[in-house]
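Peer 1:
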Amino acid sequence: MDQKQDHTNQILAQLETTESLSSLDVAKSLAINHQELVGYLLQLESANYIKTEGLKQDYLQLTEEGNTILNSQSGEYEIYQKVPNEGISMAELQKLFGIEQIVKVKQEQGDKKEKQVEDPKKKQFDLGFGNAKKMGYIKMDKGIISKVGNDLPDKIKQELQQFNNIKLGSAQAKLLIDRKLAMISTIKYFDIKKGNKYAPKFREQLASLTTEQLLNGDWKNCDYKSINLKAEGEKISMGNLHPLLKVRKQFSQILIGLGFEEMPTNQFVESSFWNFDALFQPQKHPARDAHDTFFCSDPEYSEEVDTQLRDKVKIMHQTGGVGSIGYQYEWSHEEARKNILRTHTTAVSSKMLYRIAQQYKEKGYFPKKYFSIDKVFRNETLDATHLAEFHQIEGVVVDKNASLGQLMGIIREFFRQIGINKLWFKPTYNPYTEPSMEIYGYHPVLKKKVEIGNSGVFRPEMLAPLGLPEDVNVIAWGLGLERPTMIYYDIRDIRTMVGPEVKVETVRSNPFCVFESK
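Just add 1 to wherever you are in the sequence shown, counting from 1, and you've got our numbering.
Structural data, given as structure tokens:
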């Protein structure tokens, strides 16, 4: 029999003749550490041999200072012993304890004078001196300190020598606690009683039935652990989706359900040509200033685009076409080649429209619906609702008879599927759409209308240079991803959702986002 089983059986044997046992007494009788005993108790309790109840008990314990005095002498008594029979002055007595009246401390660099401070040992000396007077060891008369009597005992040490007989709550205990020579500590232990399957000897419960036990018949003499069929499996350590990614995925599924295809958006660095010029946005527009856009320095300029497309865009800007007079300025090829971090995903849409126009020449007309959800970059001042990089959602429909009414219908259906039914449209100005509309929705938390997107019909001045026929219209709308996510997850500061302030636990525990159409 191994030592573990021997201890287990000794615990059961002690319990056989009594109703309950204290784990402190059991540990003492087995001459083992109480923490080791707890391991045996847990094994017996899991098999229902015993049942335990957690208890606690306060007791008096010597502090480090109390133990020092017990093994040496008290500070009061040391002062008493240092005082000679003929008496001594305070200054001379302090010298005996190595206390200096003034301690010079070197100041930090820049200070000319040294600082004078009191010797740190003096505070401890003053405390012991005061206690020595209170306990009648010494007296002071006309500046001379003398003993009250010879061969007096160390009263504090005598008290500590009787420590084991001092009861908690007594005057002696209070004195030692006040002097910080003792403190109240708490010990936790168990009250042990017989369990439902108590037996004087322990039979280990096996976790599983083996083929060998079946073949040799040992299973008849074995006890087996019961199986908890309701126990949960071990949690698998794996990655967790960020709230922003959850909302992005759901928006993507809604748009795919509405018949949209996703555009390739993996190019963050874009030329000013596709980001601005191809969208009929003038080169002197404020959005093309360094205060609003991040410009790249290496490489500073993009590769050349198709020269025919470049020239058509240039003419449209300078002199116009399709009923427009353009912007009447000298268009700069160098300005159009500047590399930037794209300011909107419409830069992707302009490329896609150019590709559709090429396909139209080869295969003929066919309607298209595209969407994109990806990062864009603006030179914004960071605050609770703005970031320098954020996500934009954009939808584009290419059709011969695409109209403003069709655009409003698509927008209403999209927002209906994410639970927003109260929508308003307000006319606005955009450089590359006409007519243009701001989209407003009812905010259930703020209880008011808030702007949630922008939309419009792409201008002929933008579509014609790309090669799209005059009878083909393009309608589009866009919105941000961060603000809807903040609303649905009740996030008040966007900086706690994206960036170094994100809490990992929040990413692990955030609920699965579900938009309900109403």
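Even glycine gets a Cβ: it sits at the ideal position worked out from N, Cα and C.
Over what stretch of residues does the alpha helix (DSSP H) that includes glutamate 363 continue unbroken?
Peer 2: Along the sequence shown, one-based indexing puts residue 363 at 362. Here the alpha helix (DSSP H) through glutamate 363 covers 347-364.
Peer 1: In this structure, does DSSP put asparagine 431 in helix, strand or coil?
Peer 2: Counting from 1 along the sequence shown, the entry for residue 431 is found at position 430. DSSP places asparagine 431 in strand when its eight states are reduced to three.
Peer 1: If you check the beta carbons only, do phenylalanine 459 and lysine 370 fall under 7 Å apart?
Peer 2: Within the sequence shown, the letter at position 458 stands for residue 459. Within the sequence shown, the letter at position 369 stands for residue 370. Cβ atoms of phenylalanine 459 and lysine 370: not closer than 7 Å.
Peer 1: Determine the burial state of alanine 208: buried for a count of at least 16 other Cβ atoms within 10 Å of its Cβ, exposed for fewer.
Peer 2: Translated into positions along the sequence shown, residue 208 becomes position 207. The residue is exposed, with fewer than 16 neighbouring Cβ atoms inside 10 Å.
Peer 1: As an exercise, report each continuous alpha helix (DSSP H) stretch of at least 4 residues that is fully enclosed by the region 132-200, in chain order.
Peer 2: 156-162 and 172-179, all fully within the region 132-200.
Peer 1: Would the region 446-465 and the region 422-435 be scored as touching if the rule is three or more Cβ pairs under 8 Å?
Peer 2: Contact between the region 446-465 and the region 422-435 is present, because at least three Cβ pairs lie under 8 Å.
Peer 1: Could you tell me whether the Cβ atoms of leucine 13 and proline 201 are closer together than 7 Å?
Peer 2: Residue mapping note: residue 13 aligns to position 12 of the sequence shown, counting from 1. Residue mapping note: residue 201 aligns to position 200 of the sequence shown, counting from 1. Yes.
Peer 1: Alpha carbon to alpha carbon, how far is aspartate 149 from glutamine 163?
Peer 2: Working through the sequence shown from its first residue, we reach residue 149 at position 148. Working through the sequence shown from its first residue, we reach residue 163 at position 162. In the sequence under discussion, the amino acid at residue 149 is valine, which differs from the aspartate named in the question. For valine 149 and glutamine 163, the distance between alpha carbons rounds to 25 Å.
Peer 1: Just to confirm, are arginine 241 and valine 508 a CB contact at a threshold of 7 Å?
Peer 2: By one-based count along the sequence shown, residue 241 stands at place 240. By one-based count along the sequence shown, residue 508 stands at place 507. The sequence shown places asparagine at residue 241, not arginine. Contact: yes.
Peer 1: Where does histidine 387 fall in DSSP's three states?
Peer 2: In the sequence shown, the residue the question calls residue 387 occupies position 386. Of the three classes helix, strand and coil, the one that applies to histidine 387 here is coil, per DSSP.
Peer 1: Starting from valine 39 and walking both ways along the alpha helix (DSSP H), at which residues does that stretch end?
Peer 2: Here residue 39 refers to the residue found at position 38 when the sequence shown is read from its first residue. Its alpha helix (DSSP H) spans residues 35-47.
Peer 1: Determine the burial state of aspartate 307: buried for a count of at least 16 other Cβ atoms within 10 Å of its Cβ, exposed for fewer.
Peer 2: Against the sequence shown, residue 307 aligns to sequence position 306. Exposed, by the Cβ-count rule.
Peer 1: According to the Cβ coordinates, are methionine 463 and tyrosine 433 closer than 7 Å?
Peer 2: The residue given as residue 463 occupies position 462 in the sequence shown. The residue given as residue 433 occupies position 432 in the sequence shown. Their beta carbons are under 7 Å apart, which means methionine 463 touches tyrosine 433 by this criterion.
Peer 1: Pick from Glu235, Ile255 and Leu61: whose alpha carbon is nearest that of alanine 174?
Peer 2: Within the sequence shown, numbered from 1, the residue matching residue 174 stands at position 173. Looking at the Cα atoms, Leu61 is the closest of the given residues.
Peer 1: Excluding the 5 residues preceding and the 5 following phenylalanine 98 in the sequence, name in chain order all residues of the same chain whose CB lies nearer than 6 Å to its CB.
Peer 2: Translated into the one-based positions of the sequence shown, residue 98 becomes position 97. Hits under 6 Å: Phe126.
Peer 1: If you run the structure through DSSP and keep just helix, strand and coil, what is methionine 2?
Peer 2: Working through the sequence shown from its first residue, we reach residue 2 at position 1. Because the pLDDT of methionine 2 is 47, which lies under 50, any placement of that residue in the model is unreliable, and the question is left without a value.
Peer 1: Does the Cβ of methionine 2 have 16 or more other Cβ atoms within 10 Å, making it buried, or fewer, making it exposed?
Peer 2: Here the question's residue 2 lines up with position 1 in the sequence shown. Caution applies to methionine 2, whose pLDDT of 47 falls short of 50 and renders its modelled position unreliable; the value that the coordinates give is listed next. Flag for methionine 2 reads exposed.
Peer 1: I want to see whether chain B comes within less than 7 Å of glutamate 462, judged by CB atoms only; does it?
Peer 2: The structure shown contains no chain B; it holds only a single protein chain.
Peer 1: So, with DSSP's three-state summary, where would you put tryptophan 332?
Peer 2: Here residue 332 refers to the residue found at position 331 when the sequence shown is read from its first residue. Tryptophan 332: coil per DSSP, three-state reduction.
Peer 1: Pick helix, strand or coil for glutamine 125, following the three-state DSSP scheme.
Peer 2: Reading the sequence shown from its first residue, position 124 is the one you call residue 125. Glutamine 125: helix per DSSP, three-state reduction.
Peer 1: Hey, how far is the Cα of asparagine 166 from the Cα of glutamate 160?
Peer 2: Residue numbering aside, residue 166 sits at position 165 when the sequence shown is read from its first letter. Residue numbering aside, residue 160 sits at position 159 when the sequence shown is read from its first letter. Their Cα atoms are separated by approximately 10 Å.
Peer 1: Determine the direct distance from the alpha carbon of leucine 43 to that of leucine 22, and round the result to whole angstroms.
Peer 2: By 1-based counting over the sequence shown, the position of residue 22 is 21. By 1-based counting over the sequence shown, the position of residue 43 is 42. In a straight line, the C-alpha of leucine 22 is about 15 Å away from that of leucine 43.
Peer 1: Is DSSP giving tyrosine 490 helix, strand or coil here?
Peer 2: As a working note, residue 490 is residue 489 in the sequence shown. DSSP places tyrosine 490 in coil when its eight states are reduced to three.
Peer 1: Lysine 285 to phenylalanine 378, Cα distance in whole Å?
Peer 2: Taking the first residue of the sequence shown as position 1, residue 285 is located at position 284. Taking the first residue of the sequence shown as position 1, residue 378 is located at position 377. Approximately 19 Å, taken between the alpha carbons.
Peer 1: Between Leu216, Asp293, Glu336 and Glu235, which lies nearest to serine 272 when the distance is taken from Cα to Cα?
Peer 2: Working through the sequence shown from its first residue, we reach residue 272 at position 271. Minimum Cα distance to serine 272 is reached at Glu336.
Peer 1: Starting from tryptophan 275 and walking both ways along the alpha helix (DSSP H), at which residues does that stretch end?
Peer 2: Position 274 of the sequence shown holds residue 275. From DSSP, the alpha helix (DSSP H) with tryptophan 275 extends over 273-276.
Peer 1: Would DSSP call valine 270 helix, strand or coil?
Peer 2: Reading the sequence shown from its first residue, position 269 is the one you call residue 270. Correct three-state label for valine 270: strand.
Peer 1: Should isoleucine 421 and arginine 249 be called a contact, given that it needs their Cβ atoms to be closer than 7 Å?
Peer 2: The count along the sequence shown starts at 1 and reaches residue 421 at position 420. The count along the sequence shown starts at 1 and reaches residue 249 at position 248. No; because the gap between Cβ atoms is not below 7 Å, this pair is not in contact.
Peer 1: Are threonine 19 and phenylalanine 191 touching if we call contact CB-CB under 7 Å?
Peer 2: Within the sequence shown, numbered from 1, the residue matching residue 19 stands at position 18. Within the sequence shown, numbered from 1, the residue matching residue 191 stands at position 190. Contact: no.
Peer 1: Would you report the Cα separation of serine 404 and proline 445, rounded to the nearest angstrom?
Peer 2: For the purposes of this step, residue 404 is taken as residue 403 along the sequence shown, with counting starting at 1. For the purposes of this step, residue 445 is taken as residue 444 along the sequence shown, with counting starting at 1. Each residue's Cα considered, the two are about 30 Å apart.
Peer 1: At what residues does the beta strand (DSSP E) containing lysine 450 begin and finish?
Peer 2: As a first step, residue 450 is located in the sequence shown; it is residue number 449 there, counting from the start. Its beta strand (DSSP E) spans residues 449-459.
Peer 1: Go ahead and pull the three-state DSSP assignment for isoleucine 257.
Peer 2: Residue 257 sits at position 256 when you count from the first residue of the sequence shown. DSSP places isoleucine 257 in helix when its eight states are reduced to three.
Peer 1: Assign tyrosine 330 to buried or exposed, taking buried as 16 or more other Cβ atoms, counted over all protein chains shown, within 10 Å of its Cβ.
Peer 2: Against the sequence shown, residue 330 aligns to sequence position 329. It is exposed - the Cβ of tyrosine 330 has fewer than 16 other Cβ atoms within 10 Å.
Peer 1: Just verifying my parser: in three-state terms, what is the DSSP assignment at glycine 325?
Peer 2: Residue numbering aside, residue 325 sits at position 324 when the sequence shown is read from its first letter. First, the amino acid is wrong: residue 325 is serine here, not glycine. Looking at serine 325 - three-state DSSP - the assignment turns out to be strand.
Peer 1: Which residues bound the beta strand (DSSP E) around alanine 28?
Peer 2: The residue labelled residue 28 in the question sits at position 27 within the sequence shown. Taken as a continuous stretch (DSSP letters only), alanine 28 belongs to no beta strand (DSSP E), being part of the alpha helix (DSSP H) at 24-31.
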